[in-house]
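Numbering (the working numbering), first residue to last: 7 to 414. To start, the structure under review is shown below, and the notes come after it.
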């Protein structure tokens, strides 16, 4: 359930320091956690644009004045302040001004995007992915009720028709593959707020209840796996084709490879509850196969049956790194139950099977992984760093059965 208390969190310092850039905005700072918005040149430029967007939003209708918005925000200020996990040092006036400015920026940005309106932001196409990435950061948020209050105060039209509800604007923006304007498939995905696109975003009715934009993204993107990850017939199958001699040979081959891989990430100390890397599994007889999940875009439907490990396709680029780290941080900060911390379980699984660039290559050759980073080494290092961050309840997470069967 969405709530008013502690819905916008800070990433713990010991986690943040490893990859600080993945948690902090690069172009637009939203909310009180956005440090350096008046100092960093990239953020300062967008602060100027916020004031222009505020004026353009106010000009869309004459039924409200700036005073009406200020009064509404000041009334919400105590409630909004309680949503932030870390103490907000801004004064009441400063905090209210920030909510008004940031809230109107998001709304006006979505209105322009929804109507395909041309302005400086859309003209600079390079900025659109950066803005989207910043809007999908755990710390870079303001409460949904602030956006809804600002949006519903006035009556206006978008492209000659009545303005859609605030949640519909947000859903369409997240569901669209086109960062410049909405596409037809975004409209079709909005019936009862259900549907999907090719990038893994699945919009369901359950996503109606959320606290802020990133919360909505989590609800849509991290969906409950639709298939059981393992079956009880697997153990017998494994024991039939995993003979001791073959295991020993595979381990020796793996050790030789590790010795030759001079520039590979440092070998992880494996916990007893984890599973071998893709290299070890492949040489032990496991077959890797790209899986077509029950729902398109659901990358969590990992299964292991009859010696075949099926993993849905995943394309990784620079934006994926930020999304994954923030999604895991959201689960850890929001007190998600271990069996429902799907993102934490998934990245732990990927961290286990990816040790070196060779593991990345195996998954790529199987059609499972598309690596758009600079090198396979970069991708291996990225997943390896998750071993230092999220705590795992190995007996309760959604892939626990699969982990057990692969170990046996």
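Even for Gly, the Cβ is constructed at its ideal location relative to N, Cα and C.
### Bridge partners - residue 102, DSSP secondary structure assignment
Note: residue 102 sits in no beta bridge, so no partner.
### Message
Here's the rule I'm using: 16 or more other beta-carbon atoms within 10 Å means buried, otherwise exposed. How should residue 365 be labelled?
### Response
buried
### Query
What three-state label does DSSP hand residue 142 in the structure shown?
coil
### Message
Using only CA atoms, which one of 145, 328 and 36 lies nearest to residue 18?
### Response
145
### Message
Does the contact criterion of 3 or more C-beta pairs under 8 Å hold for the region 86-106 versus the region 22-41?
### Response
yes
### Residue from 122, 158 and 116 with nearest C-alpha to residue 177
116
### Message
In whole angstroms, give me the CA-to-CA distance for residue 75 and residue 341.
### Response
34 Å
### Task
Taking residue 225 as part of the beta strand (DSSP E), name the residues at either end of that continuous run.
Residue 225 -> not in any beta strand (DSSP E); alpha helix (DSSP H) instead, spanning 219-227.
### Message
Which of the three DSSP states is assigned to residue 376 in this structure?
### Response
strand
### Task
Report back the beta-carbon spacing between residue 125 and residue 33 to the nearest angstrom; my notes put them in contact at under 8 Å.
At roughly 15 Å, the Cβ-Cβ gap does not stay under 8 Å, so residue 125 and residue 33 are not in contact.
### Query
If you compare alpha carbons, which of 294, 280, 29 and 86 is closest to residue 136?
29
### Query
Who are the Cβ neighbours of residue 361 in its own chain at under 6 Å, not counting the five residues just before and after it?
283
### Query
Taking just the CA atoms, how far does residue 132 sit from residue 310?
41 Å
### Query
If residue 371 sits next to residue 322, beta carbons under 8 Å apart, how far is it from one beta carbon to the other, in whole angstroms?
Contact flag wrong, Cβ pair sits at about 15 Å.
#### Entry: Continuous alpha helix (DSSP H) stretch holding residue 72: start and end
Start and end: 72-87.
### Cβ-based burial, residue 147 [other Cβ within 10 Å; buried from 16]
buried
### Query
Applying the criterion that 16 or more other CB atoms from any shown protein chain within 10 Å of the CB defines a buried residue, is residue 415 buried or exposed?
With the chain covering 7 to 414 only, the question about residue 415 has no answer from this structure.
### Task
Specify, as a first and last residue, the run of the alpha helix (DSSP H) that residue 318 falls within.
Residue 318 -> not in any alpha helix (DSSP H); beta strand (DSSP E) instead, spanning 314-318.
### Task
Alpha carbon to alpha carbon, how far is residue 220 from residue 7? Give it in angstroms, no decimals.
Confidence at residue 7 is low in this model, with a pLDDT of 41, below 50, so its placement is unreliable and the value that follows should be read with caution. Residue 7 and residue 220: Cα-Cα distance of roughly 15 Å.
#### Entry: Close Cβ partners of residue 358 (< 6 Å) along its chain, the five nearest in sequence each way excluded
280 and 281
### Query
How is the alpha helix (DSSP H) around residue 388 delimited, first residue to last?
382-390
### Task
Would you kindly work out how many angstroms separate the C-alpha atoms of residue 14 and residue 292, rounded to a whole number?
42 Å
### Task
Look at the alpha carbon of residue 410 and the alpha carbon of residue 218, and state the distance between them as a whole number of angstroms.
37 Å
### Task
Taking residue 113 and residue 153 to be in contact with their CB atoms under 8 Å, please state how far apart those CB atoms are, rounded to whole angstroms.
6 Å
### Task
Specify the secondary structure class of residue 13 as computed by DSSP and reduced to three states.
Here DSSP, grouped into helix, strand and coil, assigns residue 13 to coil.
### Task
May I ask which residues mark the beginning and end of the alpha helix (DSSP H) holding residue 362?
Per DSSP, residue 362 belongs to no alpha helix (DSSP H) and is neither H nor E.
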